[in-house]
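Going by my numbering, the sequence shown opens with residue 40, and the numbers climb by one from there. Note that beta-carbon positions come from the ideal geometry of N, C-alpha and C, so glycine has one too.
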Amino acid sequence: MRALVTGAASGIGAAIVRRFVEDGADVCALDLDGDSLDALRVALEDDGLAAGRVEPIVADLAAPDVMGGLPRDVDVLVNNAGIQHVSPVHEFPVEVFELIHRVVLVAPFQLARHVLPHRYAAGWGQVVHVSSVHGLRASPFTVAYVSPRHGLEGRSKVIALEGAAHGVTSTCINPAYVRTPLVERQIADHARAYGIAGSEVVETVMLAPAARKRLIEPSEVGAFASFLCTSIADSITGASLCMDGGWTAH
């Protein structure tokens, strides 16, 4: 199996790369941060895992011509890259809103369009979208995170319907807050937005809607993504699969 994973240098993306390599896959690991990609490759090699299986690709998914340099011949596409900005709608910078949509909504469309002809010709493949519980629910001050995630959910379903005749599945993973650098950077922003102390954010904002009061570990999402790329999951397509600690049970 050959996979293309975006946002691969840290957090959920790095965990997915690690799990795929453990499973014996070759991984094209794409990220804007080349130094962190190198650090990931070295860490995998130190653990005896990489052995040439990871191809680092430094690319900016917001760039208009980025697709020209990316591989098409992959069996699995994992759309994971994401950025966040916390602000009320009436104060939200338009340029930041547009940037987040380019990375989270437009680039995954372009990537799917880029690789699907190869998968259709082969007669099988998987598209995995690392969405969010915010693809199904909204929270204050996250308009540019919630909006493209909802779009990602709809597009995944369209790909599932169109791809079924070609043996291609398309699925969303919907985690609540995961213990990643992206989430850690949000704590101060949420504290300012809600007018509370940073030490209160995890418990009173991030974990409040969930029945299980803990952050999700990146390795859990990596294992779930790995499962979706097995034959056991062949009938799972067009679905939004929650890892939200019961958030959406309300």
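- Query: In chain order, what residues of the same chain have a beta carbon less than 7 Å from the beta carbon of residue 199, not counting five sequence neighbours either side?
  - Reply: What you label residue 199 is simply residue 160 of the sequence shown in a count that begins at 1. Correct list, in chain order: 208, 209, 276 and 277.
- Query: How many angstroms separate the CA atom of residue 250 from the CA atom of residue 148?
  - Reply: Here the question's residue 250 lines up with position 211 in the sequence shown. Here the question's residue 148 lines up with position 109 in the sequence shown. So the two alpha carbons sit approximately 33 Å from each other.
- Item | Sequence-distant residues of its chain with Cβ nearer than 8 Å to residue 253 (five each side left out) | By 1-based counting over the sequence shown, the position of residue 253 is 214. Hits under 8 Å: 246 and 284.
- Task: Given a cut-off of 8 Å, decide if residue 183 and residue 286 are closer than it, judged by their beta-carbon atoms.
- Result: As a first step, residue 286 is located in the sequence shown; it is residue number 247 there, counting from the start. As a first step, residue 183 is located in the sequence shown; it is residue number 144 there, counting from the start. For residue 286 and residue 183, no; Cβs fall outside 8 Å.
- Alpha carbon to alpha carbon, how far is residue 281 from residue 239? Give it in angstroms, no decimals. Within the sequence shown, numbered from 1, the residue matching residue 239 stands at position 200. Within the sequence shown, numbered from 1, the residue matching residue 281 stands at position 242. When rounded, the distance between both Cα atoms is 25 Å.
- Query: Which residue comes first and which comes last in the beta strand (DSSP E) that contains residue 41?
  - Reply: As a first step, residue 41 is located in the sequence shown; it is residue number 2 there, counting from the start. Run containing residue 41: 41-45, per the beta strand (DSSP E) assignment.
- Query: Of all the beta strand (DSSP E) runs that stay within the bounds of the stretch 121-175, which reach a length of 3 or more residues?
  - Reply: Correct list: 164-169.
- Any idea if residue 81 is buried or exposed, counting beta-carbon neighbours within 10 angstroms, 16 or more meaning buried? Position 42 of the sequence shown holds residue 81. Around the beta carbon of residue 81, fewer than 16 other beta carbons lie within 10 angstroms, which makes this residue exposed.
- Query: Nearest-angstrom Cα distance between residue 168 and residue 146?
  - Reply: If you number the sequence shown from 1, residue 168 lands on position 129. If you number the sequence shown from 1, residue 146 lands on position 107. Per the coordinates, the alpha-carbon of residue 168 lies some 12 Å from the alpha-carbon of residue 146.
- Would residue 166 be called buried (16 or more neighbouring beta carbons within 10 Å of its own) or exposed? Here residue 166 corresponds to residue number 127 of the sequence shown, with the count starting at 1. Residue 166 is classed as buried because its beta carbon has at least 16 other beta carbons within 10 Å across all chains shown.
- Message: Tell me the rounded alpha-carbon separation between residue 58 and residue 236.
- Response: Here the question's residue 58 lines up with position 19 in the sequence shown. Here the question's residue 236 lines up with position 197 in the sequence shown. Across the structure, residue 58 and residue 236 are spaced so that their CA atoms are roughly 36 Å apart.
- Query: Around the Cβ of residue 229, are there at least 16 other Cβ atoms within 10 angstroms (buried) or fewer (exposed)?
  - Reply: Your numbering for residue 229 matches position 190 in the sequence shown. Buried, because 16 or more other Cβ atoms sit within 10 Å of the Cβ of residue 229.
- Check whether the Cβ atoms of residue 122 and residue 142 sit closer than 8 Å, and answer yes or no. Residue 122 sits at position 83 when you count from the first residue of the sequence shown. Residue 142 sits at position 103 when you count from the first residue of the sequence shown. For residue 122 and residue 142, yes; Cβs fall inside 8 Å.
- With 16 as the cutoff for other CB atoms within 10 Å, does residue 56 come out buried or exposed? Against the sequence shown, residue 56 aligns to sequence position 17. Label assigned to residue 56: buried.
- Message: I believe residue 50 touches residue 221 by the beta-carbon criterion, under 8 Å. Please report the beta-carbon distance rounded to the nearest angstrom.
- Response: On the sequence shown, residue 50 is found 11 positions in, with the first residue counted as 1. On the sequence shown, residue 221 is found 182 positions in, with the first residue counted as 1. The Cβ separation is near 6 Å, so the contact holds.
- Endpoints, alpha helix (DSSP H) assigned at residue 76: Against the sequence shown, residue 76 aligns to sequence position 37. Where residue 76 is concerned, the enclosing alpha helix (DSSP H) starts and stops at 73-85.
- Item | Extent of the continuous beta strand (DSSP E) run through residue 95 | Numbered from 1 along the sequence shown, position 56 holds the residue referred to as residue 95. Secondary structure note for residue 95: its beta strand (DSSP E) is the uninterrupted segment 93-97.
- Query: Considering only the beta carbon of each residue, do residue 64 and residue 95 sit closer than 8 Å?
  - Reply: Position 25 of the sequence shown, counted from the first residue, corresponds to residue 64. Position 56 of the sequence shown, counted from the first residue, corresponds to residue 95. No, Cβ-Cβ distance for residue 64 and residue 95 is not below 8 Å.
- Thinking C-alpha only, which one of 150, 74 and 119 is nearest residue 108? For the purposes of this step, residue 108 is taken as the residue at position 69 of the sequence shown. Distance from the Cα of residue 108 is smallest, within the candidate group 150, 74 and 119, for 150.
- Message: Looking at the secondary structure, which residues open and close the alpha helix (DSSP H) in which residue 200 lies?
- Response: Residue mapping note: residue 200 aligns to position 161 of the sequence shown, counting from 1. Start and end: 182-202.
- Task: Name the residue from 84, 47, 93 and 99 whose alpha carbon lies nearest to the alpha carbon of residue 75.
- Result: As a position in the sequence shown, residue 75 is number 36, starting the count at 1. By alpha-carbon distance to residue 75, the top candidate from 84, 47, 93 and 99 is 47.
- Task: Assuming residue 114 and residue 41 form a contact by the criterion Cβ under 8 Å, report the distance between their Cβ atoms to the nearest whole angstrom.
- Result: For this step, residue 114 is matched to residue 75 along the sequence shown. For this step, residue 41 is matched to residue 2 along the sequence shown. In this structure, residue 114 and residue 41 form a Cβ contact; the two beta carbons are roughly 5 Å apart against a cut-off of 8 Å.
- Query: So, helix, strand or coil for residue 275, using DSSP?
  - Reply: To locate residue 275, count along the sequence shown from 1; it is residue 236. Under the three-state reduction of DSSP output, residue 275 falls in the coil class, being neither helix nor strand.
- Measure the CB-CB distance between residue 212 and residue 264 and report whether it falls below 8 Å. On the sequence shown, residue 212 is found 173 positions in, with the first residue counted as 1. On the sequence shown, residue 264 is found 225 positions in, with the first residue counted as 1. The answer is yes: Cβ separation under 8 Å.
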